[in-house]
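Chains as they are written, first to last, in our numbering: chain B, 46 to 205; chain U, 730 to 1125.
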């Protein structure tokens, strides 16, 4: 099967940063190194053949026991070309930082905060990286696979 | 004037709205920094309804996730059901029968009706239009009666199954739809007369919460709020799923993206949803509603009690869950508020390895500070109404 336009252009432009691509069930996917993520996102947004102007979703998947352990997953949509792509950036447990893409799509602001909240991935350059769904004082990152399902958290707030 | 104000000692005041406040019909907290009545800065705090949806899904079988999806956007649960089922079916690589697709379209559009009716009703209520609220809640009750006759529940419907549906249409459903839509259209005209040209309503919503198309796209707006800015993006048209490509409907758009346009877009979409339901009912073929794959969709009880192979499949799907091949998919449907996406990762076991929901109102709520900065404190109310933040979906 032919690689789609997006994946072909990406591989041409960033031959060193692309670890692999696939097209499972028709979803274009590129697995990339995290160092170049901001440049890749800028390219995807601004190249006239791509124009991925929507950042639809950003999340993290924890592959416990694998190295690199985490994947930051971006789902992009191009309104002018009516196309979708998924970018997966590999983040090892030893270095949990990745560049923020808030300067590329402002929508990334809350999505990155949520990813930080749930998985502890640090987005370098994010203007306001703090917990969003959970509260300050929550211990750990609950969507990691090694976070116990029924773990109790210390009580917060005024003591009755 | 300037001489006087120079001497006036003014300082910013921080006002706390919520998390339990009459106008924040979703548990959310606003911290507004005010200069007089003008909003200088707004901090939105969400998470009060966080229940760990993803963690629960990762510890349930694929079928057990469906009731959880009811509780995402609890005003349009059938769309969430359908979106999740479609995503799992994409992961499995299966296609459902024709009749099932039509039934899902009908279910989705009834849900969208209830979503938009609730939103417009609540927006009217919070701006003092109590009559409009009562009219549209009556219309919503009628739509919920339809949904109840379809699946036995009004809010937590749990109707769609992976590879099919819980049941077929009840008897005389078309007749009921005709009756209900006649009433809804009558109420729609009443509300239209009450609100659309109402001076008080227009003064509160027109020009408030406006945003340009480029900025809305950058903020990740989808759904009625994006269409109000003049961008005709609708997942049902852009990437049709089910049988939306066979339906004749229009995608209404606005011009300025202000709250009045969002209201108008929603009012028109109510009409379009009713059109789609009528067309789907007219075109719907007879036939099965479930795929005939016993390892995905349970067989009828008579077969399970009489055939050993059906019994084994039943046991395995209930105890171990259905097992999609390892892989990942993203599937988007048009929810009540915009693009509702499901990103599923399977490791080949009976439980999702990852079950991510892309909630449309999450991106919309994130833009609240941008929409109200520089406006008056009272403008938070209509702007937040038209965002239609649903706590269950935003906080998961």
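Glycine included, C-beta positions come from ideal geometry on N, C-alpha and C.
query                                                                                                                  : result
For residue 1025 of chain U and residue 821 of chain U, believed in contact at Cβ under 8 Å, the rounded distance      : 6 Å
Identity of the residues DSSP links to residue 768 of chain U by a beta bridge                                         : U:763
Residue 746 of chain U to residue 896 of chain U span [Cα, whole Å]                                                    : 44 Å
Separation of residue 816 of chain U from residue 120 of chain B, as counted between CA atoms                          : 15 Å
Beta-carbon gap between residue 166 of chain B and residue 117 of chain B smaller than 8 Å                             : yes
N-terminal and C-terminal residue of the alpha helix (DSSP H) that residue 183 of chain B is part of                   : Neither: residue 183 of chain B is in no alpha helix (DSSP H) and is coded neither H nor E.
Residue 140 of chain B to residue 169 of chain B span [Cα, whole Å]                                                    : 12 Å
4 or more residues per run - each alpha helix (DSSP H) lying fully within the segment 985-1046 of chain U              : 988-1012 and 1030-1035
Minimum Cβ-Cβ distance from residue 68 of chain B to chain U less than 8 Å                                             : no
Alpha helix (DSSP H) runs contained entirely in the segment 818-896 of chain U, provided each spans 4 or more residues : 827-855 and 859-880
CB contact check: residue 51 of chain B to chain U, cutoff 8 Å                                                         : no
Residue 749 of chain U versus residue 1041 of chain U - alpha carbon distance                                          : 50 Å
Status (buried if at least 16 other CB within 10 Å, exposed otherwise) for residue 915 of chain U                      : exposed
DSSP-derived helix/strand/coil call for residue 104 of chain B                                                         : strand
Where residue 965 of chain U sits in the DSSP three-state scheme                                                       : helix
For residue 900 of chain U, the three-state DSSP class (helix, strand or coil)                                         : coil
Residue 959 of chain U versus residue 942 of chain U - alpha carbon distance                                           : 7 Å
C-beta atoms of residue 828 of chain U and residue 1016 of chain U nearer than 8 Å                                     : yes
Closer than 8 Å to chain U by CB, residue 77 of chain B                                                                : no
Cutoff 8 Å: residue 113 of chain B Cβ touching any chain U Cβ                                                          : no
Identity of the residue in B:193, B:106 and B:55 nearest residue 1085 of chain U by Cα                                 : B:106
Local conformation of residue 908 of chain U per DSSP, three classes                                                   : helix
Cβ-Cβ separation, residue 953 of chain U to residue 995 of chain U (assumed contact under 8 Å), whole Å                : 5 Å
Residues from the segment 1074-1089 of chain U in contact with chain B, defined by Cβ distance under 8 Å               : 1074, 1082, 1083, 1085 and 1087
Chain U contacts from the segment 147-164 of chain B (Cβ-Cβ distance under 7 Å)                                        : 150, 151, 152, 154 and 155
Contacts of residue 120 of chain B in chain U (Cβ-Cβ under 8 Å)                                                        : 1059, 1070, 1072 and 1087
Spatial distance of residue 142 of chain B from residue 877 of chain U (CA atoms)                                      : 49 Å
Test: residue 1120 of chain U CB closer than 8 Å to a CB of chain B                                                    : no
Chain-ordered residues of the segment 931-955 of chain U with a beta carbon less than 7 Å from chain B                 : 946, 947, 948 and 949
Boundaries of the alpha helix (DSSP H) in which residue 164 of chain B is found, first to last residue                 : 153-164
For residue 1068 of chain U, the three-state DSSP class (helix, strand or coil)                                        : strand
Sub-8 Å separation of residue 1121 of chain U and residue 802 of chain U beta-carbons                                  : yes
8 Å contact criterion, which residue 862 of chain U and residue 854 of chain U should meet: CB distance rounded        : 4 Å
Rounded distance between the beta-carbons of residue 783 of chain U and residue 55 of chain B, thought under 8 Å       : So it is not a contact: roughly 28 Å between Cβ atoms.
Closest by C-alpha distance to residue 72 of chain B, when choosing among B:130, B:125, B:109 and B:99                 : B:130
CB of residue 1098 of chain U within 8 Å of CB of residue 1075 of chain U, strictly                                    : no
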